Structures are given as structure tokens and as C-alpha cells.
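Colleague: Sequential numbering of the sequence shown, starting at 719, is according to my numbering.
From the three backbone atoms N, C-alpha and C, an ideal C-beta is built for every residue, glycine too.
Quick caveat: nothing in here was measured; it's all calculated off a predicted structure.
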Amino acid sequence: MDTLPANVVLGAQWGDEGKGKAIDQLAAHSDWAVRFQGGNNAGHTVVVGDITLKLHLLPSGITASNCRLVLGCGTVVDPWVLDQELERWHALTGEKPEGQRLFISERAAVILPFHRLYDSADSLVGTTGRGIGPAYRDRTERVGLRFVDLPHVVDDSEAIQSISERMNKQLVTVGVEQAIDPEQLQSEISWVMGRFSDAIRPTGPMLDKALRAGERVLLEGAQGIMLDIDQGTYPFVTSSITGRANATHGAGIHPGHIEQCFGISKAYTTRVGNGPFPTELSLEGGPGKQMSEVGHEFGTTTGRPRRTGWLDLVVLMEGQRINGHTGLVITKLDVLGGLDELKLCVSYELDGEETQSVPASCEDYARCTPIYEVHPGFPALSPEEWIALADESRQGGGLSVLPEAMRDYLARIEQAIGVPVVSVGVGPDRRASIASSDGPFDVLLGEATF
Ligand code: IMP
719 MDTLPANVVL GAQWGDEGKG KAIDQLAAHS DWAVRFQGGN NAGHTVVVGD
769 ITLKLHLLPS GITASNCRLV LGCGTVVDPW VLDQELERWH ALTGEKPEGQ
819 RLFISERAAV ILPFHRLYDS ADSLVGTTGR GIGPAYRDRT ERVGLRFVDL
869 PHVVDDSEAI QSISERMNKQ LVTVGVEQAI DPEQLQSEIS WVMGRFSDAI
919 RPTGPMLDKA LRAGERVLLE GAQGIMLDID QGTYPFVTSS ITGRANATHG
969 AGIHPGHIEQ CFGISKAYTT RVGNGPFPTE LSLEGGPGKQ MSEVGHEFGT
1019 TTGRPRRTGW LDLVVLMEGQ RINGHTGLVI TKLDVLGGLD ELKLCVSYEL
1069 DGEETQSVPA SCEDYARCTP IYEVHPGFPA LSPEEWIALA DESRQGGGLS
1119 VLPEAMRDYL ARIEQAIGVP VVSVGVGPDR RASIASSDGP FDVLLGEATF
């Protein structure tokens, strides 16, 4: 029997839950950090000294120099974006991780300019426009190119010609005027092969070997369960499986390795892009505006303002059913400070009936109205006061250092979901995290190790 040392971090809402800090904390104790789905539609902010770096594709675990990094077989990789991120990382740290500690699965799908162009025609979903859906569609249709396929087509001009023809027909159907030039496509493929030849590897077997040797693997989810292609608010979803079941599959290892699975949720809710959002508030004033402004709720990838709303426990229940989280991390609790009262959505009303599940049809979901429970608010604390509380928690107080109104709010979440809250984020500072004293998050994040 294999040992179990893989841990998973997943978004429990519509993405942007602030998974990065939890990942940072776990990466410090992991030998590998693995992205298993999605591509550069994700976004996370990395702070190294005084410099802030926005990364979209590289695993967040990159800031832990002990961590080897994998873009797993379930990901879609834009080689040009990866190149830029690596160049910026190199300029900042002097490190060139590709082929040294960054490996790309030979089975990962390649995002080509065609996929970006095709995605630019989207007007329904409000995608990030990064070519994610078209690249997954090509993969599912079995016409896409994986990294391992590139050498087989690069010198085959007939294949290149027929690939470009297919792409151009598709671009016409969605009204994109730009066309793919076969020669250019050939030279792009050739560049990708040369640029990443050291990094393209059979990463599934590599991870399997590492796990057998007792090494620890961190599986980094992107987006969130409500954006899952199967379980989310279809069609307003991303094109990959964002849930736990794909964490190991998209890394090329078996599910028996998973030890702990952490669901990350904000203390409220946000969503970018289109689609139903029952607890949505106005961004023009009141709590919705506070969440937007205090929480700096703008997309890392597109800069779009995020829609904001009260915490929706039905969404978290849905995520619990699918992902079986072993612990919850609640982020951005500080953002709610100063509101008179806090609302928690405990169920929906649909056609006169009360329900605690998310309807499969978005038309039905759009007609759901939230049923709220009202909880007392708590005062706004300054960043210094939050950090002082966090310091106190690290001296052994754990989550008990939080004032009563906050503890009650968190206790209600735990009770509804049936899973303990193991850590609470109370500010952007690396020290601003209050964790239960027996969990893996009870660590003071040092500066990134570069
Ligand atoms: P796509 O993943 O670019 O195809 O976009 C599909 C939907 O998922 C859109 O509503 C996007 O706004 C949303 N989405 C994709 N990635 C993220 C993310 O990292 N955070 C939040 N929403 C995302």
C-alpha cells in the first residue's frame, strides 16, 4: 500500500478565494507543487521582497525554493505566457527553473494563437479570453496538440496545412477575420519545442516515484468548484474539472494518495464573468461596495471588477458534497469589519419550495432567491490590530483569540458544512493568518525564499 502524502487545495466558490496564501503555507512543507487543471486563466500574486509579481500559469509553490513544480497532464499551457512568466521570474530572482525544478507534462495540451483568437469571439460566458475553452475542446475532440505530439507534426507540412485549414474554418464560423498562416504555425511549434525541450517530461511517473519515496506533493487547484465543467453553473463555467476527483487524475497519480483536502472560501462571495449569483449585492453602495473596495475585488487576470455578495452556504455545501474537504480555510474575514450585520445564505427558495442544492439549470438557478440568517457584525480592525491577533494565535491561542462575533460566524459555517475551519485570513500581510493550533496552517509565513 502506498503512503498518502498528497494534499489538495481547492476553491470552494467561483474562484479567486485567495488560495495562494494557503498554498504558500503548505508549499513550505512540500517537495512538489502541481497544477492539475486550467491554464493562465488563473492568477495569483507573489510578493518577493518589495516586488509584486502576478503569475498565471506557474504554480504558486514557486516561491518555496525547496519545491519542484509541475504543470500536470490536466493543464492547458500557453507556451508564450509561460515564457514571459519565466523571463520575469529570472529577472527577479536569477533562477531559471525550467528543466531544473519546473517540469511540464508531455501530455499537457498546448494553447496556440488559434485558441486565443477563437476565444476572443466569446460573448456568452465572459471568459478570460486566454484560449482555455478552445484548447480543451480540441483535446476532447482529439484534434489538439499535446507537448509530446509536437515533434510528430513539426516537419510534416501536410499535417501543418490540414491543422491550419481546420483552424481557419473554425475562425470563420465565429466571425474572426484573422487567419492562421501554416508557415508561421510551423515556426511557432518549432520554437515551443526548442524553448521547453528540457522541461517536457513524463510528470505522472515522476510524481509516482516521488510519492513512493515518501516525498510530499501539493496539488494546487485553480478556479473553484462552481466553475467546474461538470458540477458548476454550466455554461458559465471554465472548461476543466476543478474538483478533487481531478486533482490526482490531472497530475497523473491515483486518488488514494490524497491525505487532506482543503476548501478555500472567502468570508463573503465573489464572481467574475457572467452567470447566476443569488447572494449578489450592488457594487454601488452598502456591503457590496465595501467588499469590492476593502477587498480590492478586481480580477488578477483580466482586471475586471468582481461581482460581490454575502457568503452562500449552499454553495459551500455543494462543494463539500463533491470535494469532501477535510478542512476549510476562510479568507478575507477582515473585509467584513465594520458592517452592522452579516447575512449568511442558508438555503434558496425556488418556486415556493426551499432547497439546499444548486439547480443544474442556470435558468432555474437564476430564479433562486436566497434565504438569509442574520448575524451581528464586528468592528473594523486596523491591519496592525489583525496582525497582533494573529501573533497571539501563534503563541498557542489558535482560533480562540478571535472575538465572539467572528467565532460565532465561523462556527455557523462549520456547523452547516460539517467540516472544521482550520485557518482564517485577516489581511494581505503574510502574518495576517489565524489558524487552529493543531493544523498545518499554524505557521508564520517567512519571506519568499528568493
Ligand atoms: P475561461 O476559464 O477563461 O474559459 O472562463 C470561463 C469562466 O470562468 C468565466 O466566467 C471566467 O471569468 C471564469 N474564470 C476563469 N478562471 C477564473 C479564475 O481564476 N478566477 C475566477 N474566475 C475565473
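By DSSP's criteria, G981 is part of a beta bridge. Which residues make up the other side?
Modeller: Its beta-bridge partners are L728, L1046.
Colleague: Any heavy atom of the ligand IMP closer than 8 Å to the beta-carbon of G1027?
Modeller: No, the beta carbon of G1027 sits no closer than 8 Å to any heavy atom of the ligand IMP.
Colleague: Classify T1087: buried if its beta carbon has 16 or more other beta carbons within 10 angstroms, exposed otherwise.
Modeller: T1087 comes out exposed.
Colleague: Among V890, G1095, G974, A1108, which one has its Cα closest to the Cα of F1159?
Modeller: Checking every option, the nearest Cα to that of F1159 belongs to A1108.
Colleague: Count the other CB atoms, across all protein chains shown, that sit within 10 Å of the CB of D1092; report buried if there are 16 or more and exposed otherwise.
Modeller: Reading off the sequence, residue 1092 comes out as Val, not Asp. It counts as exposed.
Colleague: Classify M719 as helix, strand or coil using the three-state DSSP reduction.
Modeller: Per-residue confidence for M719 stands at a pLDDT of 48, beneath the threshold of 50, marking its modelled position as unreliable; the derived number appears in the next sentence. Three-state result, M719: coil.
Colleague: Tell me the DSSP bridge mates of Y1066?
Modeller: T1073, P1088.
Colleague: The ligand IMP and D946: does the residue's C-beta get closer than 8 Å to at least one heavy atom of that ligand?
Modeller: D946 Cβ: outside cutoff for every heavy atom of the ligand IMP.
Colleague: Just to confirm my understanding: we take L722, look at its own chain, exclude 5 residues before and 5 after, and list those with CB closer than 8 Å. What are they?
Modeller: Excluding residues within five positions, the ones whose Cβ falls inside 8 Å are G974, H975, I976, E977.
Colleague: Give me the DSSP bridge partner(s) of W750.
Modeller: Looking at the DSSP assignment, W750 forms a beta bridge with R786, V935.
Colleague: CA-CA distance, I881 and S1065?
Modeller: Their backbone Cα atoms lie some 49 Å apart in a straight line.
Colleague: Indicate the three-state DSSP secondary structure (helix, strand or coil) for P1101 in the structure shown.
Modeller: Looking at P1101 - three-state DSSP - the assignment turns out to be helix.
Colleague: With a threshold of 7 Å on Cβ separation, who are the neighbours of F995 within its own chain once the five nearest residues in sequence on each side are excluded?
Modeller: For F995, where only same-chain residues beyond five positions count, the Cβ hits under 7 Å are R989, R1025, G1027.
Colleague: What whole-angstrom Cβ distance do R786 and W750 have, given they're in contact under 8 Å?
Modeller: Confirmed, about 5 Å.
Colleague: Note down the Cα distance separating I829 from I850, rounded to an integer number of angstroms.
Modeller: Cα to Cα, I829 sits roughly 7 Å from I850.
Colleague: How many Å lie between P953 and L1068 at the Cα?
Modeller: Looking at the two C-alpha atoms, the distance is approximately 20 Å.
Colleague: Cβ atoms of T1049 and K739: under 9 Å apart, would you say?
Modeller: Yes; because the gap between Cβ atoms is below 9 Å, this pair is in contact.
Colleague: For K987 versus L1029, is the C-beta distance shorter than 9 Å?
Modeller: It should be noted that the sequence gives Thr, not Lys, for residue 987. Yes, Cβ-Cβ distance for T987 and L1029 is below 9 Å.
Colleague: Would you call H1014 buried or exposed, if buried means 16 or more other Cβ atoms sit within 10 Å of its Cβ?
Modeller: Burial call: exposed.
Colleague: For P869, which residues from the same chain have a beta carbon less than 8 Å from its beta carbon, with the 5 sequence-adjacent residues on both sides left out?
Modeller: Cβ within range, chain order: M911.
Colleague: Starting from the N-terminal side, write out each stretch of the alpha helix (DSSP H) that is 4 residues or longer and does not extend beyond the region 808-867.
Modeller: DSSP runs (the alpha helix (DSSP H)) wholly in the region 808-867: 831-837, 850-859.
Colleague: What is the DSSP secondary structure of L1034, counted as helix, strand or coil?
Modeller: Correct three-state label for L1034: helix.
Colleague: Is the CB-CB distance between M944 and Q755 below 9 Å?
Modeller: Taking 9 Å as the Cβ cut-off, M944 and Q755 do not qualify as a contacting pair.
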